[in-house]
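**Student:**
Protein chains in written order, with our numbering: chain B, 10 to 118; chain L, 16 to 131.
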């Protein structure tokens, strides 16, 4: 079983829409959780860390459910510039990051 | 630019040749990581250095792969006798120890390898 599972999409949504991505992780010893964004042929960049109580950064809201081993990302009022692949990431052990395959989002004008 | 840098950005080689990639981390970061990413997949961990010590290696890192960080600053990743299956993006990341669960890895632009 993969360490981190995500729906690869693609998600095609109109500008202004709200879109949610989900992710599950298999190892309950996972300690830290992140969402990274990766544009085509570019490196992954940290979008936000995910805290146990949930957290918000502008139009982006992340939630963590440790009991269900489930992480989510909500994007409100989608912009064209939000088009990218969103990678769900967990950290376990020393410092290894385990990445999902990514969910591809295209925001359509 | 004070981010993570990698060289070369692209490398095309013939099967059986050796290649070496370089990573320069963010200057104050003492931790350095190598990942490999193939099309349609997320990055996969290869190896990790804390200062000059290589503390962890993935099973993905076959004996044809070797990584070094001799002075605890830049790192090199060498692939010997390249195979077509080595074609991938090789990503380097760095982080600063001591930030607990909020420690963030910052990625370089990657080296895209194509083995013909």
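No residue lacks a Cβ here, since even glycine has one placed at the ideal position from N, Cα and C.
Between which two residues does the beta strand (DSSP E) harbouring residue 50 (chain L) extend?
**Tutor:** 46-52
**Student:** Going by CA-CA distance only, name the one from L:49, L:68, L:123, L:54 that's closest to residue 62 (chain L).
**Tutor:** L:49
**Student:** With DSSP as the reference, please indicate the residues paired to residue 116 (chain L) in a beta bridge.
**Tutor:** Looking at the DSSP assignment, residue 116 (chain L) forms no beta bridge with any residue, so it has no partner.
**Student:** Mind checking residue 53 (chain L): buried by the 16 CB within 10 Å criterion, or exposed?
**Tutor:** Exposed: under 16 other Cβ atoms inside 10 Å.
**Student:** Does the distance from the C-beta atom of residue 23 (chain B) to that of residue 112 (chain B) stay below 8 Å?
**Tutor:** no
**Student:** Hey, is residue 71 (chain L)'s beta-carbon within less than 8 Å of any beta-carbon in chain B?
**Tutor:** Yes, because at least one Cβ of chain B sits closer than 8 Å to the Cβ of residue 71 (chain L).
**Student:** Leaving aside the five residues before and after residue 36 (chain B) along the sequence, list all residues of the same chain whose C-beta is less than 6 Å from its C-beta, in chain order.
**Tutor:** Only 101 meet the Cβ criterion.
**Student:** Give me, in chain order, the residues of the same chain whose beta-carbon lies closer than 8 Å to that of residue 90 (chain L); leave out the 5 immediate sequence neighbours on both sides.
**Tutor:** Shown here for residue 90 (chain L): same chain residues with a beta carbon closer than 8 Å to its own, the five before and five after excluded, namely 37, 38, 40, 47, 49, 64, 82, 83, 84, 107 in chain order.
**Student:** Under 8 Å between C-beta atoms, does residue 52 (chain B) make it to chain L?
**Tutor:** So, interface residue.
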